[in-house]
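A.B. asks:
2 protein chains.
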Amino acid sequence: MERGEAYPITYGILGLLAYWGPMSGYDVKHMFDHTLAAMWGAAHSQIYKELRRMKELGWVEMEREERESRPDRKVYTVTEQGLEALRKWQGQPAEIMQLRDELLLKMLFGSLGEPEDVAQNIRGAIVRHEDRLREYRANALNIPARGAFQRGGNAGEIGKRPNPYAAGDEEDVYPALIAHFGIEFEKMYLRWLHEALVVVEPKRSGD
Amino acid sequence: MERGEAYPITYGILGLLAYWGPMSGYDVKHMFDHTLAAMWGAAHSQIYKELRRMKELGWVEMEREERESRPDRKVYTVTEQGLEALRKWQGQPAEIMQLRDELLLKMLFGSLGEPEDVAQNIRGAIVRHEDRLREYRANALNIPARGAFQRGGNAGEIGKRPNPYAAGDEEDVYPALIAHFGIEFEKMYLRWLHEALVVVEPKRSGD
DNA sequence: CGGGACATGTAACGCGTTACATGATTAA
DNA sequence: TTAATCATGTAACGCGTTACATGTCCCG
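Residue numbers (the working numbering), protein chains in the order written: chain A, 45 to 251; chain B, 45 to 251.
1) Please decide whether GLU109 (chain B) counts as near chain A, where near means a Cβ-Cβ distance under 8 Å.
2) Any residues in the region 123-142 of chain B with a beta carbon nearer than 8 Å to a beta carbon of chain A? Which ones, in chain order?
3) Measuring CA to CA, which of A:ILE170, A:GLY157 and A:PHE153 is closest to MET141 (chain B)?
4) At what residues does the beta strand (DSSP E) containing MET83 (chain B) begin and finish?
5) Suppose you measure from the CA of MET151 (chain A) to the CA of TYR218 (chain B); what does that come to, to the nearest Å?
6) Can you tell which of A:ILE57, A:TYR63, A:GLY56 and A:ALA50 has the C-alpha that lies nearest to the C-alpha of ASP216 (chain A)?
7) In chain order, what residues of the same chain have a beta carbon less than 6 Å from the beta carbon of ARG258 (chain B), not counting five sequence neighbours either side?
8) Could you name the residues of the region 144-157 of chain B whose beta carbon sits closer than 8 Å to any beta carbon of chain A, in the order they occur along the chain?
9) Which full runs of the beta strand (DSSP E) of 3+ residues lie inside the region 55-116 of chain A, going along the chain?
10) Give me the residue from B:ALA50, B:GLY56 and B:GLU245 with the minimum Cα distance to LEU148 (chain A).
11) Which stretch, first to last residue, makes up the alpha helix (DSSP H) that contains ILE140 (chain B)?
12) Give the residues from the region 63-85 of chain A that approach chain B closer than 9 Å (Cβ to any Cβ), ordered along the chain.
13) Whole angstroms are fine: how far does the CA of GLY135 (chain B) sit from the CA of ARG235 (chain B)?
14) Using Cβ-Cβ distances below 7 Å, what residues of the region 232-246 of chain A are close to chain B?
15) According to DSSP, is TYR51 (chain B) part of a helix, a strand, or is it coil?
16) With 16 other CB atoms within 10 Å as the buried threshold, where does VAL244 (chain A) fall?
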């Protein structure tokens, strides 16, 4: 595999298509927002770019779906070459992650700012991470079962075809593992934020 | 503050300079590698770029230090405007982070690859995260006390000046909080990796 | 005598973000 | 009538990475 051929987002889209079946770029965007947003954000402009490149690589095929009184859809289907690329990717070791959390950076240099500003930032983070934890708990990353993806409207034959890549009835443990990670991560993050708030928060005399 | 004026890495460098005193770009790179690498990687080319831009913004001043039989150094010092920018940054809310961990992406679509490949990836991640945890535990992010940064060699007067921004004897809790986060994160990550390995690892009959 | 540390840069390239653009339908 | 949903795109911009470039000193 040459350098610059594919990136995590490429495989993210390819994985969505392989896992849930043929979709339009618009659908991929919605899947990203509902399943991968907390892990890997993606603007629709980026998704359309990647789909075009994957078509040039022969990893997906595109079929134009014309509809009356609705904009046309371009439905993408993973090819055998695309599946091969996914398997190859799975076999390669993943680099260790970097956190790249701006809050941690702000807090590392917290002594160069006002303590109340740091405390305010921590309180904001608590709210956002509690929201995320609630989401994770409510729907376990919103991951529908393999091949079960179906979008509203009369999407024609293509949307109703069963996913040709679905592997029968055997259950898939991986989405549950990822959801579990998300929950454990948010719980740990929140524990730490509360600890930090106690340390940082200015003590008031009348308390 | 206009869009595109400064980014996390800008404030990371500015914070290093404000916290540990005047440094060259080469020194900044070393500080990054020893304190922030796990959180925010930075190539030296990027650091030199940022230092140039910060000079144009008036956030730092540059003094050329000529030395015999050694390459010249460009020593950067934070200005009052730079400190003001840092304080302003501290007062602004931080966006919620995205994980962007390729291993999680690979595992989400683990069912599209070979189970043994996934297991191998998990084992590799365990080794790397154990290393990182050991590092964190050994030196708590390698963060020297405020103003205590000193590099080898006879670096001239500049390197020996006490940090003008150091705020006396009061201890700084923030680096310890960040180090604590790093340790808790790695512990949680490792717990999860071991759980995942048990689920994923193919059972052998003779075991 | 080769390799590491010291020290600073340029060039190429693309992911990822933000903004701009179009235009129909449907529901409040 | 205002706004959201459906649906796809282009353009600008820069962070971040990788590779290329130069030259001295010091250690084994």
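Where is the CB? At the ideal position from N, CA and C, for every residue including glycine.
C.D. replies: Reading from the atomic positions:
1) Indexing the second sequence from 1 puts residue 109 (chain B) at position 65. No, because no Cβ of chain A sits closer than 8 Å to the Cβ of GLU109 (chain B).
2) Among the residues of the region 123-142 of chain B, those with a Cβ less than 8 Å away from any Cβ of chain A are LEU127, LEU130, ARG131, TRP133, GLN134, GLY135, PRO137, ALA138, GLU139, ILE140, MET141 and GLN142, in the order of the chain.
3) Counting from 1 along the second sequence, the entry for residue 141 (chain B) is found at position 97. Ranking the options by Cα distance to MET141 (chain B), first place goes to A:ILE170.
4) The sequence position of residue 83 (chain B) within the second sequence is 39, counting from 1. Element bounds for MET83 (chain B): n/a, residue is neither H nor E.
5) Here residue 151 (chain A) refers to the residue found at position 107 of the first sequence. Here residue 218 (chain B) refers to the residue found at position 174 of the second sequence. So the alpha carbons of these two residues sit roughly 6 Å apart.
6) Numbered from its first residue, the first sequence carries residue 216 (chain A) at position 172. By alpha-carbon distance to ASP216 (chain A), the top candidate from A:ILE57, A:TYR63, A:GLY56 and A:ALA50 is A:TYR63.
7) An answer regarding residue 258 (chain B) cannot be provided, because it is not within the stretch 45 to 251 covered by chain B.
8) The region 144-157 of chain B vs chain A, Cβ under 8 Å: ARG144, ASP145, GLU146, LEU147, LEU148, LEU149, LYS150, MET151, LEU152, PHE153, GLY154, SER155, LEU156 and GLY157.
9) You should have 104-109.
10) Counting from one through the first sequence, the residue named residue 148 (chain A) turns up at place 104. The option with the nearest alpha carbon to LEU148 (chain A) is B:GLY56.
11) On the second sequence, residue 140 (chain B) is found 96 positions in, with the first residue counted as 1. Where ILE140 (chain B) is concerned, there is no enclosing alpha helix (DSSP H), given that its DSSP letter is neither H nor E.
12) Answer in chain order: TYR63, THR79, LEU80, ALA81, ALA82, MET83, TRP84 and GLY85.
13) Within the second sequence, numbered from 1, the residue matching residue 235 (chain B) stands at position 191. Within the second sequence, numbered from 1, the residue matching residue 135 (chain B) stands at position 91. Straight-line Cα distance between these residues: approximately 35 Å.
14) Correct list: MET232, TRP236, ALA240 and VAL243.
15) Counting from 1 along the second sequence, the entry for residue 51 (chain B) is found at position 7. Looking at TYR51 (chain B) - three-state DSSP - the assignment turns out to be coil, as it is neither helix nor strand.
16) Looking up residue 244 (chain A) in the first sequence gives position 200. Under this definition VAL244 (chain A) is a buried residue.
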